[in-house]
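Here the structure comes first, spelled out in structure tokens, and everything after it is commentary.
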Amino acid sequence: MAVPVAVPNFWRTHTTHLLSAIGNTPLIRLERIAADLPGIEIYGKAEFMNPGGSVKDRPALNMILEGERTGRLTKDRILLDSTSGNTGIAYAMICAAKGYKVKLCLPKNASQERKRMLTAYGAEIVFTNPAEGSDGAIRRCREIYESNPDIYFYPDQYSNPANWKSHYETTAPELIRQSEGRITHFVAALGTSGTFVGTSRRLKREIAGVRCISAQPSAGFHGLEGLKHMPTAIVPAIYDQAIADDNLWLETEDAYRMVRRLAREEGLLVGISAGGNIVAARRVGQDLARRGERGVIVTVLCDGASKYLSEPFWDDSL
Amino acid sequence: MAKILIPTPLRPFAGGQDSVDLPGATIRELLEALTAQYGDLRKHLYNDEGKLRSFVNVYLNEEDIRFLNKEATEVKDSDTISIVPSIAGGRSWQPWKHRLCR
Chain A
1 MAVPVAVPNF WRTHTTHLLS AIGNTPLIRL ERIAADLPGI EIYGKAEFMN PGGSVKDRPA
61 LNMILEGERT GRLTKDRILL DSTSGNTGIA YAMICAAKGY KVKLCLPKNA SQERKRMLTA
121 YGAEIVFTNP AEGSDGAIRR CREIYESNPD IYFYPDQYSN PANWKSHYET TAPELIRQSE
181 GRITHFVAAL GTSGTFVGTS RRLKREIAGV RCISAQPSAG FHGLEGLKHM PTAIVPAIYD
241 QAIADDNLWL ETEDAYRMVR RLAREEGLLV GISAGGNIVA ARRVGQDLAR RGERGVIVTV
301 LCDGASKYLS EPFWDDSL
Chain B
1 MAKILIPTPL RPFAGGQDSV DLPGATIREL LEALTAQYGD LRKHLYNDEG KLRSFVNVYL
61 NEEDIRFLNK EATEVKDSDT ISIVPSIAGG RSWQPWKHRL CR
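Sequences listed follow chains A and B, in order. Read in order, the letters of the first sequence are residues 1 to 318 in the numbering used here. Read in order, the letters of the second sequence are residues 1 to 102 in the numbering used here.
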């Protein structure tokens with residue numbers, strides 16, 4: 001008699017609101033990426049599984065909820081912010097579901113995929129000078145807001161404590177629970193710095209001896225989507241350098257190579273900043289392994305690769 | 001002389017200027033002239049093998065040189081060359097619509 005094949009146990013078995021599907025992402029062990037590092041475990045938080053496709057769903061939702069709580073966001077105001085992409089997509093998704101209007105400033109060189117996603121959610125886009133990158137978008141956004149502050153809700157993801165608090169309240173507790181408190185190192189690259197600052201603050205409160213290590217592009221001119229080289233960038237008000245026990249410098253090409261490796265060796269099709277985070281996590285792991293120490297290194301897989309598939313870096317020769 | 005626009009993060013390595021006028025018949029000659037004049041730019045634009053780094057996008061007026069004749073693309077005196085890092089996806093996904101978006 002044939003033995004029935006066990007059906008996988010899918011735990012999302014009940015109906016839910018779209019916005020309740022944000023967070024509670026899986027923590028995935030990267031077996032092959034860490035295979036050459038004895039005593040080292042590397043885990044990636046699968047933030048690409050959020051409904052908006054990135055880690056930015058968390059701060060975007062919290063900033064919008066905070067705006068509603070404080071009365072700064074009402075149905076007759078337009079949500080306005082600058083974004084290199086993912087926060088904009090998260091704002092646009094959440095505001096579409098909640099019935100708010102959205103206006104976003106982004107550099108002209110944003111990919112077609114991004115522009116189309118934002119437009120599909122009904123957001124209005126203001127293009128800014130591509131040569132000035134995300135800092136140009138920030139400046140333009142401030143001008144628009146200051147010219148007419150009464151019609152906008154400007155959450156300002158770079159300065160809004162609700163950004164880092166979303167990670168303090170959700171990302172970090174999830175990581176502690178999923179790792180059963182075993183985390184020895186948390187690694188994250190800096191953009192708004194919200195993920196690093198919020199998660200690190202909570203981990204340091206809950207886990208004795210945990211080390212939190214930031215990462216940044218090695219120069220102001222780089223191709224690491226969403227990341228900032230703090231010595232030359234407009235430094236976000238929420239950034240707190242003192243939280244980092246150490247900082248690692250990332251090369252764009254290393255992140256590109258890691259993105260290709262993650263796809264082929266782990267089956268994880270992730271974006272460039274996730275690649276950068278794993279480069280940094282591996283460097284921490286190599287350091288520990290060299291000293292003969294063990295480590296449970298956790299980082300964030302910020303988004304998936306769908307927005308980058310037309311980029312030339314998938315070509316192995318690059 | 002063609003005009004090369006310098007992106008904000010590279011301006012400190014180009015004497016703080018937002019553009020530099022240089023002579024050259026091709027993109028390669030112009031970028032050679034640029035990095036000869038401002039040596040610190042070289043490591044930002046080229047890798048160890050002397051190739052343009054993969055995230056560096058160069059536009060002749062509004063055309064991505066990858067869709068023209070790459071670094072051998074010819075340049076006229078009235079042309080403007082832009083150097084744009086591939087942040088937020090610097091390259092259009094539609095091959096027939098390869099202009100820098102206005």
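Built from N, CA and C at the ideal position, the CB exists for glycine as well. Since this is a predicted model, take the numbers as computed values, not measurements.
Where does Ile-238 of chain A land, buried or exposed, given buried means 16+ other C-beta within 10 angstroms? buried
Can you pull the chain B neighbours of Asp-246 of chain A, defined as C-beta to C-beta under 7 angstroms? Here the premise fails: no neighbours, minimum Cβ distance about 24 angstroms.
Helix, strand or coil at Glu-143 of chain A according to DSSP, with G and I counted as helix: helix
Using the Cα positions of His-185 of chain A and Asp-77 of chain B, report the straight-line distance between them to the nearest angstrom. 55 angstroms
Across which residues does DSSP place Ala-137 of chain A in a beta bridge pair? DSSP output for Ala-137 of chain A lists no bridge partner at all.
Classify His-185 of chain A as helix, strand or coil using the three-state DSSP reduction. strand
Are Lys-101 of chain A and Leu-118 of chain A touching if we call contact CB-CB under 9 angstroms? no
Would you say the region 55–72 of chain A touches the region 305–317 of chain A, given that touching needs at least three Cβ pairs under 8 angstroms? no
Measuring only between beta-carbons, confirm whether Gly-89 of chain B sits less than 9 angstroms from chain A. In this prediction, Gly-89 of chain B scores a pLDDT of 41, lower than 50, which makes its location untrustworthy; the coordinate-derived value is nonetheless stated afterwards. Closer than 9 angstroms to some Cβ of chain A, the Cβ of Gly-89 of chain B qualifies, so yes.
Less than 9 angstroms between CB atoms is the rule here; does Phe-313 of chain A satisfy it with respect to chain B? yes
Measuring only the C-alpha atoms, how far is Gly-220 of chain A from Leu-301 of chain A? 23 angstroms
Write down the C-beta distance between Phe-55 of chain B and Pro-9 of chain B rounded to the nearest angstrom, noting that I regard them as a contact closer than 8 angstroms. Not a contact, Cβ separation roughly 12 angstroms.
Quick check on Asn-160 of chain B - is its C-beta less than 9 angstroms from some C-beta in chain A? Examination of residue 160 of chain B is not possible in this model, given that chain B is present from 1 through 102 alone.
Listed in chain order, which residues of the region 64–75 of chain B have Cβ atoms closer than 9 angstroms to some Cβ of chain A? Arg-66
Tyr-256 of chain A versus chain B: which residues are under 9 angstroms apart at the beta carbon? Ser-54 and Phe-55
Please confirm if Thr-80 of chain B has its CB atom under 9 angstroms from at least one CB of chain A. no
Going by alpha carbons, who is nearest to Asp-81 of chain A out of A:Ala-188, A:Tyr-91, A:Lys-75 and A:Arg-72? A:Tyr-91
Could you run through the region 270–281 of chain A and flag, in chain order, every residue whose CB is less than 7 angstroms away from some CB of chain B? none
Quick check: Asp-316 of chain A and Ile-234 of chain A, are their CB atoms within less than 9 angstroms of each other? no
Is any beta-carbon of chain A found at less than 9 angstroms from that of Pro-23 of chain B? no
Of the choices A:Pro-217, A:Lys-115, A:Arg-32 and A:Val-298, whose alpha-carbon is the least far from that of Arg-264 of chain A? A:Arg-32
Here's the rule I'm using: 16 or more other beta-carbon atoms within 10 Å means buried, otherwise exposed. How should Gln-241 of chain A be labelled? exposed
List the residues of chain A whose Cβ lies closer than 8 angstroms to the Cβ of Leu-10 of chain B, in chain order. Gly-220 and Phe-221
Please report the distance separating the alpha-carbon of Leu-52 of chain B from that of Met-93 of chain A. 37 angstroms
Touching by the beta-carbon criterion (3+ pairs, under 8 angstroms), the region 34–51 of chain B and the region 291–298 of chain A: no
For chain A, check one thing: does any of its Cβ atoms lie closer than 9 angstroms to the Cβ of Leu-34 of chain B? no
If I measure Cβ to Cβ from Pro-26 of chain A and keep anything under 6 angstroms in the same chain, skipping five residues before and after, which residues do I get? Ala-46
Within a Cβ cutoff of 8 angstroms, which residues of the same chain sit near Leu-190 of chain A, ignoring the five residues on either side of it in sequence? Phe-196, Ser-214, Ala-215, Gln-216, Leu-227, Lys-228, Met-230 and Tyr-239
Straight-line gap, Gln-94 of chain B to Met-63 of chain A (C-alpha atoms, nearest Å): Confidence in Gln-94 of chain B is poor, its pLDDT being 34 and thus under 50, which makes the residue's placement unreliable; the coordinate value appears in the next sentence. Gln-94 of chain B and Met-63 of chain A: Cα-Cα distance of roughly 34 angstroms.
So with Cβ pairs under 9 angstroms, would you call Pro-130 of chain A a contact of chain B? yes
Gly-24 of chain B and Tyr-38 of chain B closer than 9 angstroms at C-beta: no
Whether or not the region 198–213 of chain A and the region 162–179 of chain A are in contact is what I'm after, with contact meaning three or more pairs of Cβ atoms, one per stretch, closer than 8 angstroms; do they touch? yes
Closest Cβ-Cβ distance between Gln-94 of chain B and chain A: below 9 angstroms? In this prediction, Gln-94 of chain B scores a pLDDT of 34, lower than 50, which makes its location untrustworthy; the coordinate-derived value is nonetheless stated afterwards. Judged by the 9 angstroms Cβ criterion, Gln-94 of chain B is in contact with chain A.
For Ile-297 of chain A, the nearest candidate out of A:Ala-35, A:Ile-40 and A:His-14 (CA to CA): A:Ile-40
For a contact defined as C-beta to C-beta under 9 angstroms, what are the partners of Glu-253 of chain A on chain B? Asn-47, Arg-53, Ser-54 and Phe-55
Gly-304 of chain A CB to nearest chain B CB: under 9 angstroms? no
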